[in-house]
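Take a look at the structure set out below.
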Amino acid sequence: MSTRIERSKLTLLNKFLYETEEFIWKKVFDFRICQFMVGNTKQKGFVADIFPVLKKYQLEHVTNNYLDRIEVVSKPVWKKLIDKTLRDAENKWWTKITSEGDLTRIGNIHQDVTLCGLWKICNQNRQYRHCINIIIRLAILKTDGDVMCNLCNKMCDDMTKHFMLNCTKLFKERDSLYENILNEIDINLFNDLSNSDEDILIETLLGSRTDHMRPDQISATEWTSFMCIVSKGLSEMWTHVTNCLIEV
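Take 826 as the starting number for the sequence shown in the working numbering and just add one per residue.
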């Protein structure tokens, strides 16, 4: 979401910079930039918003060149520059996420810096907000060492995997979830999902569309229905397991 907003701000900045001097708002904009550059950073509005974005992506030279009357980047060139800059930032973000063990799972699930599909589901189906929240918590749940499940009294080193696949005390709820999934999606897709690697299965149930549930396999509407079923099932399981894992 933040990337989309920043892209819009950068696009609007180019419009301001490239416009002719005959417009009053253009003169006001130039005046506000000069104020900001000489230290009046407490002002509010677009200028105060855009400078942190320029600094974040190391694009401060754009306004410096503009004020020095060196150049104003044309719209096509600016668009290419924004695309490359945001793409490079996205790649750095994904590399950082996947290199940190605690964030590997969420990095595998959400590989692009785009509007999260789960956020869209919450926005369109507000009754599922609590259930989707459980999915997000499971995606980022961290296990420090071995833990014991207070439901089945077995040790595990991955709370999310144990909860979703292995806890014997949750087999009824788990079977019910799989039955509901089978009733919702194509049988061949269900078989592929059931026979996949455990980590891929978990990531798919938590929102990944990389290995299964790809856009070419299932529509956005069908995926939304699938995730609503999964989130509801996991939420029902979560009511049994909340606070059942303790470090030993």
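Glycine included, each C-beta is placed from N, C-alpha and C at the ideal position.
Owing to the predicted nature of the structure, the values given are computational and were not obtained by experimental measurement.
So, for residue i: in the same chain, excluding its five sequence neighbours on each side, which residues have a beta-carbon less than 7 angstroms away from its beta-carbon?
| i | result |
| --- | --- |
| T888 | I858 and L879 |
In three-state DSSP terms, what is residue i?
| i | result |
| --- | --- |
| V972 | strand |
| C981 | strand |
| P901 | helix |
| C941 | coil |
| I1049 | Looking at the sequence itself, residue 1049 is Thr, so the reference to Ile does not match. It is helical. |
| K1079 | For residue 1079 there is no data in the structure shown, the boundaries of the chain being 826 and 1073. |
| S1056 | helix |
| C992 | coil |
Rounded to whole angstroms, what is the Cα-Cα separation between residue i and residue j?
| i | j | result |
| --- | --- | --- |
| D893 | D855 | 12 angstroms |
| C1000 | K921 | Position check: residue 1000 holds Asp in this sequence, whereas Cys was assumed. Looking at the two C-alpha atoms, the distance is approximately 36 angstroms. |
| E998 | V872 | 53 angstroms |
| T929 | K852 | 49 angstroms |
| K979 | F1015 | 29 angstroms |
| E1009 | K1057 | 14 angstroms |
| F841 | P877 | 17 angstroms |
| D1036 | L966 | 21 angstroms |
| R829 | K986 | 33 angstroms |
| I875 | T910 | 15 angstroms |
| K1028 | Y953 | Contrary to the premise, residue 1028 reads as Glu rather than Lys in this sequence. Cα to Cα, E1028 sits roughly 19 angstroms from Y953. |
| I1012 | S1019 | 10 angstroms |
Relative to the ligand HEM, is the shortest distance from any of its heavy atoms to the C-beta of residue i smaller than 7 angstroms?
| i | result |
| --- | --- |
| T993 | Only the bare structure without any ligand can be found here, which leaves the ligand HEM out of the picture. |
Does residue i get closer than 8 angstroms to chain B when you measure Cβ to Cβ?
| i | result |
| --- | --- |
| I960 | The displayed structure is made up of one protein chain only, and chain B is not part of it. |
Can you tell me whether residue i is buried or exposed, with buried defined as 16 or more other CB within 10 angstroms of its CB?
| i | result |
| --- | --- |
| S827 | exposed |
| R962 | exposed |
Grab me the residues of residue i's own chain with a C-beta within less than 8 angstroms of its C-beta, minus the 5 sequence neighbours each way, in chain order.
| i | result |
| --- | --- |
| P901 | none |
| S1021 | T1029, D1036 and H1037 |
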